[in-house]
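Engineer: The structure under discussion is supplied below as structure tokens; questions concerning it will follow.
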Amino acid sequence: MHQGCPLSGQLYTLAIEPFLRLLRKRRTGFLLREPVLRLVLAVYADDVLFVVQDLGELVRVEACQAVYSAASSARVNWVKSSGLVVRAGWRPNSLPPVLQAIQWSTGPLLYPGIYLSATHPSLLENWHGLEGRVTGWLRDWTGLLRCLSLSGRALVLN
């Protein structure tokens, strides 16, 4: 398949789903107040966010990736990966060599447009400039809507 193929996004989604299911099955993730609410991972396009509580969970992520890689020949480029440390006293040098290649920091970490951090006051950065961008989008749509017929407007909304 060549780059830019219209089917590449859908095929990637189908190809990565077994890996994501394996991760959800073998990992605990982060419990949110109640045992039934677990945050194990978040996926946006080709960006995958793993939530781990300890070193064992991170080692299981790498083990799941090794299983998936053996079956599909796909692999994670750990050098291009980023990690956010939220627990004090945690050191990346205690990780297996493969996972030490991750770029670890205490934040903020940008994950599809949202800053994540345990120590940095990133809430304001998430909202910075949002009002201006939304106002600009609405202004652009207002000009476009004058040019569209009623059926054209319905098509755009759908």
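The sequence shown begins at 705 in the numbering used here and counts up one residue at a time. For every residue, glycine included, the Cβ atom is placed at its ideal position computed from N, Cα and C.
1. Do residue 734 and residue 725 have their beta-carbon atoms positioned less than 8 Å apart in this structure?
2. On the DSSP bridge list, what partners appear for residue 789?
3. So if DSSP puts residue 754 in a beta bridge, which residue, or which two residues, is it bridged to?
4. Does the distance from the CB of residue 789 to the CB of residue 808 come in under 8 Å?
5. Give the secondary structure of residue 808 by DSSP, where H, G and I count as helix, E and B as strand, and everything else as coil.
6. Give me the DSSP bridge partner(s) of residue 895.
7. Residue range of the beta strand (DSSP E) that residue 814 falls in?
8. Could you check what DSSP says for residue 852 in three-state terms: helix, strand or coil?
9. Grab the span of the alpha helix (DSSP H) containing residue 762 for me, first residue to last.
10. Closer than 7 Å by C-beta to residue 780: which residues in its own chain qualify, once you throw out the five before and the five after it? Chain order, please.
11. Measuring alpha carbon to alpha carbon, tell me which residue in 709, 737, 758 and 721 is nearest residue 746.
Structural biologist: In terms of the structure at hand:
1. The Cβ atoms of residue 725 and residue 734 do not sit closer than 8 Å to each other.
2. Bridge partners of residue 789: none, in fact.
3. Bridge partners of residue 754: 745.
4. Yes, these two residues count as a Cβ contact at 8 Å.
5. It is a strand residue.
6. Residue 895 falls outside the range modelled here, since the chain spans only 705 to 862, and no answer is possible.
7. Run containing residue 814: 813 to 815, per the beta strand (DSSP E) assignment.
8. When secondary structure is reduced to three states using DSSP, residue 852 falls in the coil class, being assigned neither helix nor strand.
9. DSSP places residue 762 inside the alpha helix (DSSP H), whose first and last residues are 759 to 776.
10. Closer than 7 Å at the Cβ level, and outside the excluded window around residue 780, lie 769.
11. It is 721.
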